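Have a look at the structure below, then the notes.
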DNA sequence: CCATATAGGATGTTATTGCAACTATTATTT
DNA sequence: AAATAATAGTTGCAATAACATCCTATATGG
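Protein chains in written order, with the working numbering: chain H, 86 to 253; chain C, 86 to 253.
Here it is, written out as structure tokens:
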């Protein structure tokens, strides 16, 4: 896939704006974050899939692997809430990670509804490699952005997410 | 789907940070935009799907409808490049819009490989409604963000997208 | 104690998306 | 002019993700 032009259908013939080509009037009021969020999401999926292919981990599974490694054991329900992902999506991602041998399920003996999730040995071993791969993608995509700007962007993204998920 | 907790697996037990709960040291270095981009993307898809359901337009089609309305006629190839979307995805989205009666295909007589895309009458009529629906989602999600901050966020998102798509 | 409600997961289906491979048309090369 | 390249689009397949629904286990109300 050749990526040539802009992401905004509001900009007509314009090219993807880089920092230095932003005009002085700022971003047009008609522009929306949605288009950029969407394009960034899709292309990050592509980049991460390529990075993690050697470990047979897809772009739909790595977040769960990382979350489990952060605080195991954890239940699927807790994962879903933490990552704001539907519980059925979580169930299927965990199944794949289990099939690949990275995650182990164990029924909580105090409440048989719960399945506690642990990393296997293979899981423990692969986590650092996944972290490195994710860091590579992150560093590539934030080139030319200062720490302060990056922090600001994250703060704003958090507000957007909050507005999307916490309202009425 | 109940959305309760945080989006970051780096934050442990923390809750989704709102502007006012950001600590003074700023965002931890380990946090990444990826998780927020992903969550925002998925929840925007949900919100937009709900808004556009009455018109039988899915979250995968509205961008194409808007882009066609912006500058018709246009080819699928041009749409794909403009929106940074794979051409096969474009083909399928256009098929749906055609089935719903919003878009019309016409072979370019000067080069039979091209199919020029136009809005139908129904398409012309639905576009303003789609714009309103998108504006509702946009306005909801940018509550509490000033114009200047929003502009800054878009500028930074553009850099991220540029880094993802224009590098080697 | 039993009926109902609630909670955690699993399964089936559908929509979005990208890749590989293909067809058809135009452009280029020899 | 014939063979080969390149271009626009389509089709088949697989992965991600959500919704509806169901199952099982625990909690709660009568």
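Idealized CB from N, CA, C, for every residue including glycine. All figures in this text were calculated on a predicted structure; none of them were measured in a lab.
Contact check for residue 202 of chain H against residue 188 of chain H passes: the beta carbons are separated by less than 9 Å. Here residue 200 of chain C carries a strand assignment [DSSP, helix/strand/coil]. For residue 229 of chain H, the chain C residues whose Cβ falls inside 8 Å of its Cβ are 244, 248, in order along the chain.
Taking residue 186 of chain C as reference, the option from C:230, C:210, C:205 with the minimal CA-CA separation is C:205. Linking residue 182 of chain C to residue 200 of chain H through their CA atoms gives a straight-line distance of about 43 Å.
Residue 222 of chain H belongs to the set of residues whose beta carbon lies under 9 Å from a beta carbon in chain C.
At least one beta carbon of chain C lies nearer than 9 Å to the beta carbon of residue 225 of chain H.
If you look at residue 190 of chain H, you'll find it in the beta strand (DSSP E) that goes 188 to 192. The C-alpha of residue 246 of chain C lies about 24 Å from the C-alpha of residue 216 of chain C. Judged by beta-carbon spacing, residue 143 of chain H lies beyond the 9 Å limit of residue 174 of chain H, meaning their Cβ atoms are not closer than that value.
By the Cβ neighbour-count rule, residue 211 of chain H is buried, with 16 or more other Cβ atoms within 10 Å of its own.
Counting along the chain, residue 247 of chain C sits inside the alpha helix (DSSP H) bounded by residues 232 to 250. Sequence-distant Cβ neighbours of residue 141 of chain H in its own chain, meaning closer than 7 Å and more than five residues away, are 185. Contact annotation, residue 118 of chain C with residue 150 of chain H: C-beta distance approximately 19 Å; criterion of less than 8 Å not satisfied. At a cut-off of 9 Å between beta carbons, residue 191 of chain C makes no contact with chain H.
Going by beta carbons, residue 243 of chain H and residue 126 of chain C fall outside the 9 Å limit. Under DSSP, residue 159 of chain C shares a beta bridge with C:202. Around the beta-carbon of residue 227 of chain C, 16 or more other beta-carbon atoms lie within 10 Å, marking it buried.
The alpha-carbon of residue 179 of chain C is positioned some 26 Å away from that of residue 249 of chain C. Exposed is the label assigned to residue 135 of chain H, since fewer than 16 other Cβ atoms lie within 10 Å of its Cβ. Contact of residue 119 of chain H with chain C is assigned, a C-beta pair being separated by under 9 Å. Scanning C:223, C:154, C:131, C:176 for the CA closest to the CA of residue 209 of chain C turns up C:154.
Note that the C-beta distance between residue 225 of chain C and residue 152 of chain C is not below 9 Å. Rounded to the nearest whole angstrom, the CA to CA distance from residue 235 of chain C to residue 218 of chain C is 19 Å. Only residues of its own chain outside the window of five on either side were considered, and among them 201 have a CB closer than 6 Å to the CB of residue 191 of chain H, listed in chain order. DSSP places residue 121 of chain H in the uninterrupted alpha helix (DSSP H) bounded by 118 to 137. DSSP places residue 182 of chain C inside the alpha helix (DSSP H), whose first and last residues are 172 to 184.
Contact with chain H is found for residue 234 of chain C, since one of that chain's Cβ atoms lies less than 9 Å from the residue's Cβ.
Contact annotation: in the segment 179 to 210 of chain H, no residue has its CB less than 8 Å from a CB in chain C. Flagged as an interface residue toward chain H: residue 132 of chain C, by a C-beta distance shorter than 9 Å. Put simply, the CB of residue 169 of chain C is near chain H, with a gap under 9 Å to one of its CB atoms.
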